[in-house]
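Asker: Could you have a look at this structure, given as structure tokens, before my questions?
There are 2 protein chains.
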Amino acid sequence: MEPLKITFIGIGLIGGSMALDMKRLFPNTKRLGIDQNAGHISEAIELGIIDEETTLDQLADNDMVVIAIPVGACKKILSSVLDNIGKNTLVFDVGSTKASLCQEIANHKHRNHFLAAHPIAGTEFSGPKAAVENLFEHKTNILCESHKTDSKLLEKAVLLFTKLGMRLSYMDPIEHDRHIAYVSHLSHISSFMLGKTVIEKEKDERNIFDMAGSGFESTVRLAKSSPAMWTPIFEENKANVVESLKEYIANLEAFKTWVENDDFQKVYESMANTNHIKNILNGITSKNNK
Amino acid sequence: MEPLKITFIGIGLIGGSMALDMKRLFPNTKRLGIDQNAGHISEAIELGIIDEETTLDQLADNDMVVIAIPVGACKKILSSVLDNIGKNTLVFDVGSTKASLCQEIANHKHRNHFLAAHPIAGTEFSGPKAAVENLFEHKTNILCESHKTDSKLLEKAVLLFTKLGMRLSYMDPIEHDRHIAYVSHLSHISSFMLGKTVIEKEKDERNIFDMAGSGFESTVRLAKSSPAMWTPIFEENKANVVESLKEYIANLEAFKTWVENDDFQKVYESMANTNHIKNILNGITSKNNK
């Protein structure tokens with residue numbers, strides 16, 4: 001059943017892409033927007049991403065509210081969003097950390113109107129201009145504590161995610177944060193610090209430009225990501241991020257020691273064992289391209 | 291002018307791809323092959339990459355000899371290759387390290403028949419099956435100590451590389467090895483160790499498969515690379531690799547400390563400053579796609 005009214009809080013890459021898909025899927029739905037950045041609102045209206053602006057005190061007659069802002073900001077406003085909704089409103093977020101958010105609103109009287117969601121989708125770009133159609137197709141959406149969401153509202157969310165082409169996965173929020181630190185947050189830090197190291201070393205950009213190939217490009221791609229989005233993620237998931245970084249640094253230290261000690265048998269073996277990542281990546285690739 | 295006879299020592303990704311391009315560019319040239327792996331020879335003949343097998347003692351009437359084997363093996367055989375060539379034979383390698391190779395044959399009586407080359411091209415795959423046409427188009431080829439190559443033979447090489455679509459860059463071999471440690475060798479280690487850290491943590495692959503997106507995929511792509519190719523590169527470029535790893539680890543340590551100390555302003559700034567990599571990468575992308 002087509003929703004009549006949806007508000008997007010945050011109209012960047014994720015919120016904007018979802019709004020674009022909804023326009024196609026539900027042409028009669030009114031898509032409203034809230035964004036701290038006034039430029040984003042006018043840009044999003046111009047690009048046909050949303051129909052018009054709204055405010056937090058006008059959510060009561062909404063069918064859905066999608067919160068797609070940095071995780072720290074989301075944690076700050078979620079309570080007042082839940083204060084302002086009506087009896088049929090579903091609220092879901094799309095952030096990269098889940099544990100402290102679920103904790104924050106655990107005792108809210110409208111807890112059962114909320115669904116903690118994490119669509120594993122995105123690019124290294126941000127803002128309304130980064131919004132693209134079909135971003136979520138064949139991607140995984142991790143739903144946390146879904147048993148705490150009212151079953152009718154959950155059904156509405158599942159139907160929407162399915163229409164967006166997503167496969168659903170269900171996890172405990174603490175487990176979610178622990179795993180995602182490794183497969184997502186650590187990749188971003190690894191990439192940012194690689195970019196930093198190379199920039200610091202190579203003051204003369206011309207050398208990088210001449211010598212860097214597609215391998216370097218692929219490895220530092222994530223270093224283009226938005227610091228405004230990623231800083232709060234590392235803050236929210238501090239303990240897991242620090243733990244994953246410790247293990248990563250320990251592996252790099254071991255590798256360095258092998259090279260220093262001419263133990264190239266160990267260097268070879270550690271790479272050969274890691275080649276096994278091929279099979280895992282083939283799984284990801286086939287999933288993303290299916 | 292079309293060469294009559296070329297021998298490829300090593301018929302994997304790089305040698306094989308070059309042989310395929312030469313088939314198209316110079317249909318009348320005889321392409322011969324040498325490979326330690328007998329399976330590679332028959333595979334390469336079957337795939338139309340080379341015409342037939344040859345041996346190191348039959349190089350005298352060759353116009354060109356292309357050495358495309360791991361850098362350690364190349365250093366071992368280059369002298370005997372130069373011993374066996376004729377008075378018009380050009381020999382070039384395509385390896386990722388240059389300083390110790392140039393050192394090794396500095397005093398060879400046929401030093402001026404050799405050109406140290408490093409085409410910045412490749413994929414994470416290996417072997418004759420990985421060979422593809424047009425791999426070198428719009429890519430950079432770094433030539434080292436080109437003044438030590440006989441000018442007529444150098445001209446022949448430059449003509450070939452230009453026909454393959456490459457842009458040429460000239461560097462000192464020691465400078466080459468110092469820079470390439472940062473923009474290529476370090477990326478590979480960073481990627482391999484990221485893959486290792488995640489595999490170690492996530493024994494249950496299903497979780498990786500469900501939660502990993504295209505960002506993780508891009509960052510660990512290089513961890514699929516061939517350990518047989520990369521181990522000798524790290525061995526040959528040991529000092530620079532260790533140096534670059536030290537700086538990378540120091541940056542990761544600093545980042546970890548900022549997170550631990552809740553200094554998220556520093557976290558933000560380090561990422562914002564590194565975002566500058568966008569402009570550099572745009573240069574690489576436009577170069578690779580031009």
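Chains as they are written, first to last, in the working numbering: chain H, 1 to 290; chain E, 291 to 580. Heads up, the beta-carbon is just placed ideally off N, CA and C, and yes, glycines get one too. The structure presented is a predicted model; accordingly, all values stated were derived computationally and were not measured.
Buried or exposed: Glu336 of chain E, going by 16 or more other Cβ atoms within 10 Å of its Cβ?
Answerer: Taking the first residue of the second sequence as position 1, residue 336 of chain E is located at position 46. Under this definition Glu336 of chain E is an exposed residue.
Asker: Kindly list the residues whose CB is nearer than 6 Å to the CB of Leu405 of chain E, restricted to its own chain and excluding five residues on each side of it in sequence; keep chain order.
Answerer: One-based indexing of the second sequence puts residue 405 of chain E at position 115. So the list reads Phe382, Thr439 and Ala447, once near-sequence residues are dropped.
Asker: Determine the burial state of Tyr248 of chain H: buried for a count of at least 16 other Cβ atoms within 10 Å of its Cβ, exposed for fewer.
Answerer: By one-based count along the first sequence, residue 248 of chain H stands at place 248. Buried is the call here.
Asker: With a threshold of 8 Å between beta-carbons, can Arg511 of chain E be considered close to chain H, or not?
Answerer: Here the question's residue 511 of chain E lines up with position 221 in the second sequence. Yes, Arg511 of chain E lies at the interface with chain H (some Cβ there is under 8 Å from its Cβ).
Asker: What residues in its chain sit with their C-beta under 6 Å from that of Ala389 of chain E, if we drop five residues either side in the sequence?
Answerer: Position 99 of the second sequence, counted from the start, is the residue given in the question as residue 389 of chain E. Cβ neighbours of Ala389 of chain E beyond the five flanking positions: Pro463, Ile464 and Asp467.
Asker: Keeping to the same chain, check which residues put their C-beta closer than 8 Å to that of Ile85 of chain H; ignore five residues upstream and five downstream.
Answerer: Taking the first residue of the first sequence as position 1, residue 85 of chain H is located at position 85. Cβ within range, chain order: Leu59, Ala60, Asn62, Val65, Val91, His110 and His113.
Asker: Just mark Lys580 of chain E as buried or exposed, buried being the case when its beta carbon has 16 or more other beta carbons within 10 Å.
Answerer: Working through the second sequence from its first residue, we reach residue 580 of chain E at position 290. In this prediction, Lys580 of chain E scores a pLDDT of 38, lower than 50, which makes its location untrustworthy; the coordinate-derived value is nonetheless stated afterwards. Exposed.
Asker: Buried or exposed, going by whether 16 or more other CB atoms sit within 10 Å of the CB of Ser386 of chain E?
Answerer: Within the second sequence, the letter at position 96 stands for residue 386 of chain E. Looking at its Cβ environment, which holds 16 or more other Cβ atoms inside 10 Å, Ser386 of chain E is buried.
Asker: Looking only at its chain, what residues have a beta carbon closer than 7 Å to the beta carbon of His188 of chain H, apart from the 5 residues adjacent to it on each side?
Answerer: Stepping through the first sequence from its first residue, residue 188 of chain H is reached at position 188. Result list for His188 of chain H: Leu222, Ser225 and Trp230, in chain order.
Asker: CA-CA distance, Lys106 of chain H and Glu243 of chain H?
Answerer: Position 106 of the first sequence, counted from the first residue, corresponds to residue 106 of chain H. Position 243 of the first sequence, counted from the first residue, corresponds to residue 243 of chain H. Here the sequence assigns Ala to residue 106 of chain H, which means Lys is not the residue at that position. In a straight line, the C-alpha of Ala106 of chain H is about 26 Å away from that of Glu243 of chain H.
Asker: Which of the three DSSP states, helix, strand or coil, is assigned to Val91 of chain H?
Answerer: Your numbering for residue 91 of chain H matches position 91 in the first sequence. DSSP places Val91 of chain H in strand when its eight states are reduced to three.
Asker: Taking buried to mean at least 16 other C-beta atoms within 10 Å of its own C-beta, is Ser80 of chain H buried or exposed?
Answerer: Translated into positions along the first sequence, residue 80 of chain H becomes position 80. Exposed, since its Cβ has fewer than 16 Cβ neighbours within 10 Å.
Asker: State the Cα-Cα distance for the pair Asp347 of chain E and Ala562 of chain E, rounded to the nearest angstrom.
Answerer: As a first step, residue 347 of chain E is located in the second sequence; it is residue number 57 there, counting from the start. As a first step, residue 562 of chain E is located in the second sequence; it is residue number 272 there, counting from the start. When rounded, the distance between both Cα atoms is 57 Å.
Asker: Using a threshold of 8 Å, state whether the C-beta atoms of Gly417 of chain E and Glu525 of chain E are closer than that.
Answerer: In the second sequence, counting from the first residue as 1, residue 417 of chain E sits at position 127. In the second sequence, counting from the first residue as 1, residue 525 of chain E sits at position 235. Not in contact: Gly417 of chain E and Glu525 of chain E (Cβ atoms no closer than 8 Å).
Asker: Can you grab the Cα-Cα spacing for the pair Glu492 of chain E / Leu159 of chain H, in whole Å?
Answerer: Numbered from 1 along the second sequence, position 202 holds the residue referred to as residue 492 of chain E. Numbered from 1 along the first sequence, position 159 holds the residue referred to as residue 159 of chain H. C-alpha separation (whole angstroms): 31 Å.
Asker: Around the Cβ of Ser441 of chain E, are there at least 16 other Cβ atoms within 10 angstroms (buried) or fewer (exposed)?
Answerer: Within the second sequence, the letter at position 151 stands for residue 441 of chain E. Exposed.
Asker: Between the region 543-551 of chain E and the region 479-488 of chain E, do at least 3 Cβ pairs fall closer than 8 Å?
Answerer: No, the region 543-551 of chain E does not touch the region 479-488 of chain E.
Asker: Could you check what DSSP says for Ala32 of chain H in three-state terms: helix, strand or coil?
Answerer: As a first step, residue 32 of chain H is located in the first sequence; it is residue number 32 there, counting from the start. Note that residue 32 of chain H is Leu in the sequence shown, not Ala. In this structure, Leu32 of chain H counts as strand in the three-state DSSP scheme.
Asker: List, in chain order, every chain E residue whose beta-carbon is nearer than 7 Å to that of Ser187 of chain H.
Answerer: Taking the first sequence and counting its residues from 1, the one referred to as residue 187 of chain H is at position 187. Within chain E, the residues near Ser187 of chain H are Leu484, Gly505, Phe506 and Thr509.
Asker: How long is the line joining the alpha carbons of Asn237 of chain H and Ile180 of chain H, rounded to whole angstroms?
Answerer: One-based indexing of the first sequence puts residue 237 of chain H at position 237. One-based indexing of the first sequence puts residue 180 of chain H at position 180. Going from the Cα of Asn237 of chain H to the Cα of Ile180 of chain H covers about 9 Å.
Asker: Classify Gly329 of chain E: buried if its beta carbon has 16 or more other beta carbons within 10 angstroms, exposed otherwise.
Answerer: For the purposes of this step, residue 329 of chain E is taken as residue 39 along the second sequence, with counting starting at 1. Result: exposed.
Asker: Can you tell me where the beta strand (DSSP E) holding Ala407 of chain E begins and where it ends?
Answerer: Start at 1 with the first residue of the second sequence, and residue 407 of chain E comes out as number 117. Start and end: Phe404 to Pro409.
Asker: Does DSSP classify Ile49 of chain H as helix, strand or coil?
Answerer: What you label residue 49 of chain H is simply residue 49 of the first sequence in a count that begins at 1. Three-state DSSP puts Ile49 of chain H in coil, outside helix and strand.
Asker: Show which residues of chain E have a CB atom less than 8 Å away from the CB atom of Thr197 of chain H.
Answerer: Counting from 1 along the first sequence, the entry for residue 197 of chain H is found at position 197. Tyr472, Leu476, Ser534, Glu537, Tyr538 and Asn541, listed in chain order.
Asker: Mind checking whether Met166 of chain H and Lys139 of chain H have CB atoms under 8 Å apart?
Answerer: Taking the first residue of the first sequence as position 1, residue 166 of chain H is located at position 166. Taking the first residue of the first sequence as position 1, residue 139 of chain H is located at position 139. In contact: Met166 of chain H and Lys139 of chain H (Cβ atoms closer than 8 Å).
Asker: Using a 10 Å radius around the Cβ and a threshold of 16 neighbouring Cβ atoms, would you call Leu252 of chain H buried or exposed?
Answerer: The count along the first sequence starts at 1 and reaches residue 252 of chain H at position 252. Leu252 of chain H is buried by the Cβ-count criterion.
Asker: Taking beta-carbon pairs under 9 Å, can you tell me which members of the region 226-241 of chain H lie near chain E?
Answerer: From the region 226-241 of chain H, only Ser226, Pro227, Ala228, Trp230, Thr231, Pro232, Phe234, Glu235, Lys238 and Val241 have a Cβ closer than 9 Å to chain E.
Asker: Would Thr509 of chain E and Thr219 of chain H qualify as a contact pair, given that the criterion is a beta-carbon distance under 8 Å?
Answerer: To locate residue 509 of chain E, count along the second sequence from 1; it is residue 219. To locate residue 219 of chain H, count along the first sequence from 1; it is residue 219. It is a contact, given that the beta carbons lie within the stated cut-off.
Asker: Using a C-beta cutoff of 8 Å, does Thr564 of chain E count as contacting chain H?
Answerer: Position 274 of the second sequence, counted from the start, is the residue given in the question as residue 564 of chain E. Yes, Thr564 of chain E lies at the interface with chain H (some Cβ there is under 8 Å from its Cβ).
Asker: At the level of alpha carbons, what is the spacing between Ile277 of chain H and Glu342 of chain E?
Answerer: Against the first sequence, residue 277 of chain H aligns to sequence position 277. Against the second sequence, residue 342 of chain E aligns to sequence position 52. So the alpha carbons of these two residues sit roughly 35 Å apart.
Asker: Identify the continuous alpha helix (DSSP H) that holds Thr344 of chain E and give its terminal residues.
Answerer: By 1-based counting over the second sequence, the position of residue 344 of chain E is 54. First-last for Thr344 of chain E: undefined, no H or E at that position.
Asker: When we look at the beta-carbon of Leu4 of chain H and count the other beta-carbons within 10 Å, is it buried (16 or more) or exposed?
Answerer: As a working mapping, residue 4 of chain H is identified with position 4 in the first sequence. By the neighbour-count rule (16 or more Cβ atoms within 10 Å), Leu4 of chain H is not buried but exposed.
Asker: Taking all protein chains shown into account, decide if Lys365 of chain E is buried (16 or more other Cβ within 10 angstroms of its Cβ) or exposed.
Answerer: Counting from 1 along the second sequence, the entry for residue 365 of chain E is found at position 75. With 16 or more other Cβ atoms within 10 Å, it is buried.
Asker: Using CA atoms only, rank isn't needed, just tell me which of H:Met18, H:Pro119, H:Leu164 and H:Val241 is closest to Asp500 of chain E.
Answerer: Here the question's residue 500 of chain E lines up with position 210 in the second sequence. Ranking the options by Cα distance to Asp500 of chain E, first place goes to H:Pro119.
Asker: Tell me, please, whether the CB atom of Glu202 of chain H is closer than 8 Å to any CB atom in chain E?
Answerer: Residue mapping note: residue 202 of chain H aligns to position 202 of the first sequence, counting from 1. Yes, contact with chain E.
Asker: For Tyr558 of chain E, return the contacting residues in chain H, with the cut-off set at a CB-CB distance below 8 Å.
Answerer: In the second sequence, the residue the question calls residue 558 of chain E occupies position 268. Within 8 Å Cβ-Cβ: Pro227, Ala228 and Thr231.
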